[in-house]
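In this note's numbering, the protein residues as written are 1275 to 1361. Every residue gets a Cβ at the ideal spot worked out from N, C-alpha and C, and that includes glycine. Report on one structure; see the data block that follows.
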Amino acid sequence: QNVYSSQELMINGEVVVAEIPGLLFAAYQGMFAVITPALMTGCFADRFRFKPYLLFIALWLVVVYAPWCHWVWGGGFLAEWGVKDFA
């Protein structure tokens, strides 16, 4: 059930997860989107200025993270090939 309504969490008319509230599902996905670039930060800490770092994070999330996640999660083509997400 969705936190804000009695409807299940759906994407493109298909139920994503019926047992998990929508807000919790979004927070879980957002946690990975935030943690991934933060882990990479350790390799170049004190080597980037702040504005290029923010640009890198934004580009990483849009160009790399979001497409790969949707290829594996939610029945993307990698999920259809049997790829598992062990996160």
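Three Cβ pairs or more, each shorter than 8 Å: is that satisfied between the region 1335–1345 and the region 1303–1313?
Touching, yes, given that three or more Cβ pairs across the two stretches are closer than 8 Å.
Go through its chain and collect everything with a Cβ distance to Asp-1320's Cβ below 6 Å, but skip five positions before and after it.
There are no such residues.
Looking only at its own chain, which residues have a Cβ that is under 6 Å from the Cβ of Gly-1350, when we skip the five neighbours before and after it?
Hits under 6 Å: His-1344.
For Lys-1325, which three-state DSSP category applies?
Note: Lys-1325 maps to helix in three-state DSSP.
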